[in-house]
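Novice:
Residue numbers (my numbering): 2 to 421.
In structure tokens, the structure reads:
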């Protein structure tokens, strides 16, 4: 798990007909939510503002929720403007709500393969995620910040390694043997190692999810296209704007496996000998002092001298940090220059696992004539790190730290102990 000071509060969704408000003077409110055409909204969210209490509208657009008398109900649905209604203004226990289309959302420009279009004019399916939403988690990978923010886009962690790759599936798996990864296009250029892109440089991400992607990019876009627009020099308005962003993250193991300590291991080993003698006709000597005679690890009675928690020894509480400095300048003639410098140090929970990145980007935009526009984008990226194998079929650290003998010490006479 990880802790971050900018972590958004998670909602707790219930079924239609349930909330979990414990405030005094709670009021049960029911009703129906419809759109501007009078049609029921299915799966709309009804939330008590500034709390974790929220429910979804059912197949008939109906909801039931408990809210404090001094609370505020917030109604939200994709493509519609949010609506807030104070509980104190509700007469009785019934509230029917009519949602209005969000015209601002429809007027947004959407990046497609051959330029930009207004969202209201786009017939293909797409999802938009803003850069400021992506960096809220301050993760090494931009895809980590996209989780849950693009409908129909499923993002999975393939590994817990720092800077590890992620799996992206758009609208389900369409093939068994071939790759399911989408095509990544950054500022019009196809990028292969998208996980190395600095999330702080991203202005917005558009995900093309249907045939429109294949029509533009051919077979490469069969699994969808992730189109990224990065920041440029005109983001700060007229003049020069200098901006700094920084974050600090603490990560630790959420839970350890309950394993046997040295004494439990010895007791289980002895019980195994006794069971073999009793049920398999064996004749093993069950006197552990005669079996475990290595005085480096056991005393004269066969009791272990060490009791090592290998999960504790192999893991740590890690501290990661991220720094971003940007300089954006817009000239009087409309030209703009941008400089972006980033340093990220992501430390892993396993000892000696980390990933560091230094990223620098320069942009220049100008329109020297009415019929000519110029744009320059220079990106330099350097990444280095150290990973520990997490292959469950090999003897990697994740497997070894739960299989290693607890009566072995980490070091003996200044040298690391090996289990041969």
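We put the CB at the ideal spot given by N, CA and C, even for glycine.
Thinking C-beta only, is residue 350 closer than 7 Å to residue 254?
Specialist: Locating residue 254 in the chain shown gives position 253, counting from the first residue. Locating residue 350 in the chain shown gives position 349, counting from the first residue. Against a cut-off of 7 Å, the Cβ pair of residue 350 and residue 254 comes out as a contact.
Novice: Given that a residue counts as buried once 16 or more other Cβ atoms are within 10 Å of its Cβ, and exposed if not, what is residue 44?
Specialist: By one-based count along the chain shown, residue 44 stands at place 43. So residue 44 ends up on the exposed side.
Novice: Looking at residue 327 and residue 383, is the spacing between their C-beta atoms short of 7 Å?
Specialist: Counting from 1 along the chain shown, the entry for residue 383 is found at position 382. Counting from 1 along the chain shown, the entry for residue 327 is found at position 326. Not closer than 7 Å, so no.
Novice: Here's the rule: buried if 16 or more other CB atoms are within 10 angstroms of the residue's CB, otherwise exposed. What is residue 202?
Specialist: Counting from one through the chain shown, the residue named residue 202 turns up at place 201. Buried, because 16 or more other Cβ atoms sit within 10 Å of the Cβ of residue 202.
Novice: For a test of the three-state rule: what should DSSP assign to residue 417, helix, strand or coil?
Specialist: Residue mapping note: residue 417 aligns to position 416 of the chain shown, counting from 1. Strand, per DSSP.
Novice: From the DSSP output, in three-state form, read off residue 279 for me.
Specialist: For the purposes of this step, residue 279 is identified with residue 278 of the chain shown, where counting begins at 1. Correct three-state label for residue 279: helix.
Novice: In whole angstroms, give me the CA-to-CA distance for residue 356 and residue 246.
Specialist: Translated into positions along the chain shown, residue 356 becomes position 355. Translated into positions along the chain shown, residue 246 becomes position 245. C-alpha separation (whole angstroms): 19 Å.
Novice: State the CB to CB distance for the pair residue 271 and residue 277, rounded to an integer number of angstroms; the pair is presumed to be in contact (CB under 8 Å).
Specialist: Here residue 271 is taken as the residue at index 270 of the chain shown, counted from 1. Here residue 277 is taken as the residue at index 276 of the chain shown, counted from 1. Incorrect: roughly 11 Å between the Cβ atoms, too far for contact.
Novice: Roughly how many angstroms separate the alpha carbons of residue 410 and residue 419, rounded to a whole number?
Specialist: Sequence index remark: in the chain shown, residue 410 carries index 409 (1-based). Sequence index remark: in the chain shown, residue 419 carries index 418 (1-based). Distance between the alpha carbons of residue 410 and residue 419: 9 Å.
Novice: Would residue 75 and residue 66 be called neighbours here (beta carbons separated by less than 7 Å)?
Specialist: Along the chain shown, read from residue 1 onward, the residue named residue 75 stands at position 74. Along the chain shown, read from residue 1 onward, the residue named residue 66 stands at position 65. No, Cβ-Cβ distance for residue 75 and residue 66 is not below 7 Å.
Novice: Assign residue 379 to buried or exposed, taking buried as 16 or more other Cβ atoms, counted over all protein chains shown, within 10 Å of its Cβ.
Specialist: Indexing the chain shown from 1 puts residue 379 at position 378. Exposed.
Novice: Anyone know if the C-beta pair for residue 228 and residue 312 falls short of 7 Å?
Specialist: If you number the chain shown from 1, residue 228 lands on position 227. If you number the chain shown from 1, residue 312 lands on position 311. Not a contact, by the Cβ cut-off of 7 Å.
Novice: Tell me where the beta strand (DSSP E) around residue 379 begins and ends.
Specialist: Translated into the one-based positions of the chain shown, residue 379 becomes position 378. Residue 379 -> beta strand (DSSP E) spans 373-387.
Novice: Check residue 121 in the structure and name its three-state DSSP category.
Specialist: Within the chain shown, numbered from 1, the residue matching residue 121 stands at position 120. Any reading at residue 121 needs caution, since the residue's pLDDT is 41, under 50, leaving its predicted position unreliable; the model's value is listed next. If DSSP states are grouped into helix, strand and coil, residue 121 belongs with the helices.
Novice: How big is the Cα-Cα spacing for residue 155 and residue 187?
Specialist: Sequence index remark: in the chain shown, residue 155 carries index 154 (1-based). Sequence index remark: in the chain shown, residue 187 carries index 186 (1-based). Whole-angstrom Cα-Cα distance: 20 Å.
Novice: Taking just the CA atoms, how far does residue 333 sit from residue 373?
Specialist: Residue 373 sits at position 372 when you count from the first residue of the chain shown. Residue 333 sits at position 332 when you count from the first residue of the chain shown. If I take the Cα positions, the gap works out to 18 Å.
Novice: Is any beta-carbon of chain B found at less than 7 Å from that of residue 29?
Specialist: Any reference to chain B falls outside this structure, which holds one protein chain only.
Novice: Please work out which residues of its chain come closer than 6 Å, Cβ to Cβ, to residue 416, disregarding the five sequence neighbours upstream and downstream, and give them in chain order.
Specialist: Residue 416 sits at position 415 when you count from the first residue of the chain shown. No residues qualify anywhere along the chain.
Novice: Select from 218, 181, 250 and 163 the residue whose C-alpha is nearest the C-alpha of residue 190.
Specialist: Against the chain shown, residue 190 aligns to sequence position 189. Among 218, 181, 250 and 163, the Cα nearest to that of residue 190 is on 218.
Novice: Please classify residue 263: does DSSP put it in a helix, a strand, or coil?
Specialist: For the purposes of this step, residue 263 is identified with residue 262 of the chain shown, where counting begins at 1. If DSSP states are grouped into helix, strand and coil, residue 263 belongs with the helices.
Novice: For residue 1, which of 287, 318, 83 and 70 has the nearest alpha-carbon?
Specialist: What is shown of the chain runs 2 to 421, which leaves residue 1 out entirely.
Novice: Expressed to the nearest angstrom, what Euclidean distance is found between the alpha-carbon atoms of residue 51 and residue 86?
Specialist: In the chain shown, counting from the first residue as 1, residue 51 sits at position 50. In the chain shown, counting from the first residue as 1, residue 86 sits at position 85. Using only the alpha carbons, I get a separation of about 13 Å.
Novice: Can you grab the Cα-Cα spacing for the pair residue 353 / residue 387, in whole Å?
Specialist: Here residue 353 refers to the residue found at position 352 of the chain shown. Here residue 387 refers to the residue found at position 386 of the chain shown. So the alpha carbons of these two residues sit roughly 7 Å apart.
Novice: Going by DSSP, which residues form a beta bridge with residue 90?
Specialist: As a working mapping, residue 90 is identified with position 89 in the chain shown. According to DSSP, which records beta bridges pairwise, residue 90 is partnered with nothing at all.
Novice: If we call anything under 7 Å between Cβ atoms a contact, is residue 183 one with residue 251?
Specialist: Taking the first residue of the chain shown as 1, we reach residue 183 at position 182. Taking the first residue of the chain shown as 1, we reach residue 251 at position 250. Cβ distance not < 7 Å, so residue 183 and residue 251 don't count as in contact.
Novice: What separation, rounded to the nearest whole angstrom, lies between the Cα atoms of residue 407 and residue 298?
Specialist: Position 406 of the chain shown holds residue 407. Position 297 of the chain shown holds residue 298. Between residue 407 and residue 298, the C-alpha separation is close to 11 Å.
Novice: By the three-class DSSP mapping on this structure, what secondary structure does residue 49 have?
Specialist: Counting from 1 along the chain shown, the entry for residue 49 is found at position 48. Residue state, collapsed to three classes: strand.
Novice: Measure the CB-CB distance between residue 34 and residue 98 and report whether it falls below 7 Å.
Specialist: The sequence position of residue 34 within the chain shown is 33, counting from 1. The sequence position of residue 98 within the chain shown is 97, counting from 1. In contact: residue 34 and residue 98 (Cβ atoms closer than 7 Å).
Novice: List the whole-angstrom C-beta distance separating residue 248 from residue 323, where the pair is believed to meet the contact cut-off of C-beta under 8 Å.
Specialist: Taking the first residue of the chain shown as position 1, residue 248 is located at position 247. Taking the first residue of the chain shown as position 1, residue 323 is located at position 322. Confirmed, Cβ separation roughly 5 Å.
Novice: Please identify the residue among 38, 64 and 375 whose C-alpha is closest to the C-alpha of residue 46.
Specialist: Taking the chain shown and counting its residues from 1, one reaches residue 46 at position 45. Nearest C-alpha to residue 46: 64.
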